[in-house]
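Trainee:
Numbering (my numbering), first residue to last: 284 to 364.
(1) My assumption, with CB atoms under 8 Å, is that residue 290 sits in contact with residue 306. Please give the rounded CB distance.
(2) Should residue 349 be labelled buried (16 or more other beta-carbon atoms within 10 Å of its own) or exposed?
(3) What beta strand (DSSP E) runs, 3 residues minimum, are completely inside the segment 305-333?
(4) State the start and end residues of the unbroken beta strand (DSSP E) segment that holds residue 287.
(5) Which word fits residue 298, buried or exposed, when buried means at least 16 other C-beta atoms lie within 10 angstroms of its C-beta?
(6) What whole-angstrom Cβ distance do residue 337 and residue 359 have, given they're in contact under 8 Å?
Written out as structure tokens, the structure is:
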């Protein structure tokens, strides 16, 4: 319930990790049962955020520049599947 993902930088204090995607991120419409995931690919300048809607077989896909992860919410919705 109310799942969210944190951005952790190796060597940093985990207690200071910012929320990167999921519940509590401004601009995202998330229900308590939604399941967030972030996908990263080497060489790509964007993170892909995926919201799974509980047991439904639908998802919403977002993108955000990697350098903004955990700093400011700029997730852009680009696909419903």
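No residue lacks a Cβ here, since even glycine has one placed at the ideal position from N, Cα and C.
Mentor: Looking at the coordinates:
(1) What you label residue 290 is simply residue 7 of the chain shown in a count that begins at 1. What you label residue 306 is simply residue 23 of the chain shown in a count that begins at 1. With 8 Å as the limit, residue 290 and residue 306 do not qualify as a contact, their Cβ atoms being about 15 Å apart.
(2) For the purposes of this step, residue 349 is identified with residue 66 of the chain shown, where counting begins at 1. That one is exposed.
(3) 317-322
(4) One-based indexing of the chain shown puts residue 287 at position 4. From DSSP, the beta strand (DSSP E) with residue 287 extends over 287-289.
(5) The residue you call residue 298 lines up with position 15 of the chain shown. The residue in question, residue 298, is exposed, as its Cβ has fewer than 16 Cβ neighbours within 10 Å.
(6) As a working note, residue 337 is residue 54 in the chain shown. As a working note, residue 359 is residue 76 in the chain shown. Not really, about 23 Å apart at Cβ, beyond 8 Å.
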